[in-house]
Amino acid sequence: VNLHHDLGSLGSAVNYDAILRQMKIMKSMGVNACRTSHNPPAPEILQVADQLGIVLIVEAFDCWQSGKTFFDYARFFDENSDTDIKEMVNAAKNSPSVIMWSIGNEIWNPVAAVAQRLVDAIKSIDITRPIVWGSDGYRSIPSDNSVYHNILLMLDGLGLNYNTASSVDTLHAKYPDKFIFESESSSSTSTRGIYQEPNNLNTGENYTPGSMGASSYDNNMASWTMPGEYGLKKDRNRKFFIGEFLWSG
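All letters in the sequence shown, in the order written, are residues 30 to 278 by the numbering used here.
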């Protein structure tokens, strides 16, 4: 599952008991792996993951040089990214729950030289764990010498955000030495106790006064994705596919 760092309505201040409660709920629902979307985790998250036996993809950035919001990390990326990603690795490298490092999520205008710099920074500290990124840039197959192709060659594996099954097969055929997983899947929404139109693939939100809500039949989702059942079958039917991280916990 993907988990942001904000603990819902509690905000971003770290609260050990709240993290433990959240992770226990996730585990009770079948979660065995968590992606720290899209920031380095607090030490308390590492501690809880170690305690509960939940493995982690530790992720560094939600943007590089091109920002997604006006005041985001892009303002500091060139100056601080090397130091910050090394600090991330040093802080988490001794945690047995950490199984991968991620250099970014859905990076706008990625640059191969920047990716190489981040990979090198991680490897200067830890050469034992695979390095990946989560990307929506592989829904069509990258051409040779494109930036997405060149960055993938630097990585050990690839996290896909909302890819179709056919695109996964084509990617595996082109890059058979790279392990593939779904870094974000489903992106469905639901309202507890609301069940609408089970025969419809995507119902959309109901804005009727007094009946507002989203269907809990796994048939209300974002325009760019597929139902959770689709993702599970995509994973189940491909031995080379190592799993999926539901969006979101």
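For every residue, glycine included, the Cβ atom is placed at its ideal position computed from N, Cα and C.
DSSP on residue i, reduced to helix/strand/coil?
{"i": "arginine 104", "result": "helix"}
{"i": "serine 66", "result": "coil"}
{"i": "valine 127", "result": "strand"}
{"i": "glycine 133", "result": "strand"}
{"i": "valine 30", "result": "coil"}
{"i": "glutamate 116", "result": "helix"}
{"i": "aspartate 40", "result": "The sequence as given places glycine at residue 40; aspartate does not occur at that position. In this structure, glycine 40 counts as coil in the three-state DSSP scheme."}
{"i": "asparagine 138", "result": "coil"}
{"i": "asparagine 231", "result": "coil"}
Which two residues bound the contiguous beta strand (DSSP E) that contains residue i?
{"i": "isoleucine 74", "result": "Looking at the DSSP string, isoleucine 74 is not in any beta strand (DSSP E); the run it does join, the alpha helix (DSSP H), is 72-81."}
{"i": "glutamate 213", "result": "208-215"}
{"i": "valine 161", "result": "160-164"}
{"i": "tryptophan 276", "result": "270-276"}
{"i": "valine 87", "result": "84-88"}
Going by beta-carbon coordinates alone, are residue i and residue j separated by less than 8 Å?
{"i": "alanine 121", "j": "proline 70", "result": "yes"}
{"i": "glycine 166", "j": "glycine 188", "result": "no"}
{"i": "asparagine 68", "j": "valine 84", "result": "no"}
{"i": "leucine 230", "j": "glycine 257", "result": "no"}
{"i": "threonine 218", "j": "glutamate 226", "result": "no"}
{"i": "valine 197", "j": "arginine 104", "result": "no"}
{"i": "serine 131", "j": "aspartate 79", "result": "no"}
{"i": "glycine 272", "j": "phenylalanine 210", "result": "yes"}
{"i": "alanine 89", "j": "isoleucine 114", "result": "yes"}
{"i": "serine 66", "j": "leucine 39", "result": "no"}
{"i": "tyrosine 191", "j": "serine 214", "result": "yes"}
{"i": "asparagine 119", "j": "isoleucine 154", "result": "yes"}
{"i": "glutamate 234", "j": "asparagine 248", "result": "no"}
{"i": "aspartate 111", "j": "arginine 64", "result": "no"}
{"i": "threonine 254", "j": "serine 216", "result": "yes"}
{"i": "valine 30", "j": "serine 245", "result": "no"}
{"i": "glutamate 73", "j": "tyrosine 45", "result": "yes"}
{"i": "methionine 117", "j": "valine 87", "result": "yes"}
For my contact list, residue i and residue j are in at a C-beta cut-off of 8 Å; report their separation, rounded to the angstrom.
{"i": "alanine 202", "j": "isoleucine 223", "result": "Contact doesn't hold; Cβ gap of about 41 Å is too wide."}
{"i": "lysine 207", "j": "glycine 186", "result": "6 Å"}
{"i": "proline 139", "j": "isoleucine 170", "result": "No, proline 139 and isoleucine 170 are not in contact; Cβ-Cβ is about 17 Å, not under 8 Å."}
{"i": "leucine 75", "j": "serine 126", "result": "7 Å"}
{"i": "valine 148", "j": "isoleucine 156", "result": "About 11 Å; that fails the 8 Å criterion."}
{"i": "lysine 56", "j": "leucine 81", "result": "6 Å"}
{"i": "phenylalanine 270", "j": "lysine 263", "result": "7 Å"}
Following the continuous alpha helix (DSSP H) through residue i, name the residue where it begins and the one where it ends.
{"i": "isoleucine 180", "result": "176-183"}
{"i": "glycine 186", "result": "Glycine 186 -> not in any alpha helix (DSSP H); beta strand (DSSP E) instead, spanning 186-190."}
{"i": "isoleucine 151", "result": "141-152"}
{"i": "serine 195", "result": "194-203"}
{"i": "isoleucine 48", "result": "45-57"}
{"i": "serine 258", "result": "Per the sequence shown, the amino acid found at residue 258 is glutamate instead of serine. Here the alpha helix (DSSP H) through glutamate 258 covers 257-265."}
Output yes if chain C places a C-beta closer than 8 Å to the C-beta of residue i; else output no.
{"i": "glycine 242", "result": "The displayed structure is made up of one protein chain only, and chain C is not part of it."}
Problem - Contact between the stretch 49-61 and the stretch 86-99 (3+ Cβ pairs under 8 Å) - result: no
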